[in-house]
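These notes are about the structure you will find just below.
In the numbering used here, the protein residues as written are 15 to 367.
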């Protein structure tokens, strides 16, 4: 029998995309898609098993299907359907513990891939300019999804010590963007007016959803060359964008808010259901975060197809023009300059960055 791949989080958009993708790989015989809720999208020829990874029954699923590769994508910051933050945390932390326990007992499992996040580095005023995979966080996340990701990675390292025969790969993704990606950050960027922290213009990195699927497909396979497709890797598009650049490219005005009042604004937005302006997101939009992807390229041989700017452009195109489209705003600035300085040349502007 060929490789049997189990994918958690199959009911989510990225999970469904990966399930459809991995079953087309030549070395894959069967794909087992797992989630606690029925997916609204097609999973192709995959076998869907409705199971809650927080329950010990997940061990039965691995044994009954003879799973040898586990791709754990059910580590997320947003609830799917009913359930709030408590349900999300239980799935992230308790679910990961149960899944790793099942993998530890299974003699057939030989490869484990875990979706993590660059939020494990936190966001603090004295952060280094660029985080590498071995850079410790200046201030560990104190709550929310970032803290979940830190705990998940701790359990994964413990599993790797107990099962050195299993190739373990942890992918720390920067903020994922794409036409169909929904997250607290995309909700924030979709607001008609973007509240920002007065005096701060953070550097941000993004990774396109297509690159997420491609790198997952790479590390879930048997490695090429000398690589074991194991280790911890940052995944992000090349380059950075300032938050002010993002706002201009979206055509959305910004409203600077004093830092002490940001928490109140976030609570108000959360109360009316516009976005989950959690403390970890406030810190990101204050101090920013940039990571190195050198190990991703040198060890895994993976180069993202989209830069940070290109991933953001694809996201922005899916949201449509904001109230201040860059071209219109640039034209207005040029016309104003022409009136203030008669005879001044009017030069075509780019997208406002």
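Built from N, CA and C at the ideal position, the CB exists for glycine as well.
Model, not experiment: these values are computed from the prediction.
I think residue i touches residue j, with their Cβ atoms under 8 Å apart; what is that distance to the nearest whole Å?
| i | j | result |
| --- | --- | --- |
| residue 20 | residue 48 | 6 Å |
| residue 166 | residue 123 | In fact, because the Cβ distance is near 17 Å, the residues do not count as touching under 8 Å. |
| residue 368 | residue 270 | Here the chain has residues from 15 to 367 only, and residue 368 is not among them. |
| residue 186 | residue 247 | 7 Å |
Which first and last residues belong to the alpha helix (DSSP H) in which residue i is found?
| i | result |
| --- | --- |
| residue 200 | 198-203 |
| residue 293 | 293-301 |
| residue 94 | First-last for residue 94: undefined, no H or E at that position. |
| residue 309 | 308-312 |
| residue 115 | 109-119 |
Can you have a look at residue i and say buried or exposed, based on whether 16 or more other CB atoms are within 10 angstroms of its CB?
| i | result |
| --- | --- |
| residue 43 | exposed |
| residue 273 | exposed |
| residue 179 | exposed |
| residue 32 | buried |
| residue 23 | buried |
| residue 53 | buried |
| residue 126 | buried |
| residue 207 | exposed |
| residue 158 | buried |
| residue 26 | buried |
| residue 154 | exposed |
| residue 223 | buried |
| residue 193 | exposed |
| residue 266 | buried |
| residue 17 | buried |
| residue 297 | buried |
| residue 30 | buried |
| residue 336 | buried |
| residue 163 | buried |
| residue 71 | exposed |
Measuring alpha carbon to alpha carbon, tell me which of the options ends up nearest residue i.
| i | options | result |
| --- | --- | --- |
| residue 250 | 145, 277, 173 and 336 | 145 |
| residue 327 | 278, 236 and 219 | 219 |
| residue 117 | 278, 182 and 150 | 182 |
| residue 90 | 39, 173, 197 and 153 | 197 |
| residue 229 | 305, 315 and 207 | 315 |
| residue 78 | 87, 92 and 61 | 61 |
| residue 268 | 319, 212 and 170 | 212 |
| residue 28 | 18, 41, 166 and 56 | 56 |
| residue 102 | 83, 41, 152 and 161 | 161 |
| residue 244 | 134, 149, 310 and 299 | 310 |
| residue 307 | 148, 76 and 115 | 148 |
| residue 188 | 133, 46 and 73 | 133 |
| residue 253 | 323, 216 and 317 | 323 |
Using the DSSP secondary-structure output, state which residues sit across from residue i in a beta bridge.
| i | result |
| --- | --- |
| residue 47 | 21 and 62 |
| residue 190 | 221 |
| residue 102 | Paired residues: none, contrary to the question. |
| residue 146 | BP columns for residue 146 are empty, so no partner. |
| residue 243 | Bridge partners of residue 243: none, in fact. |
| residue 209 | 269 |
| residue 166 | Partner(s): none; residue 166 has no beta bridge. |
| residue 249 | 187 |
Please list the terminal residues of the continuous beta strand (DSSP E) segment that includes residue i.
| i | result |
| --- | --- |
| residue 129 | 125-131 |
| residue 86 | 83-86 |
| residue 268 | 268-271 |
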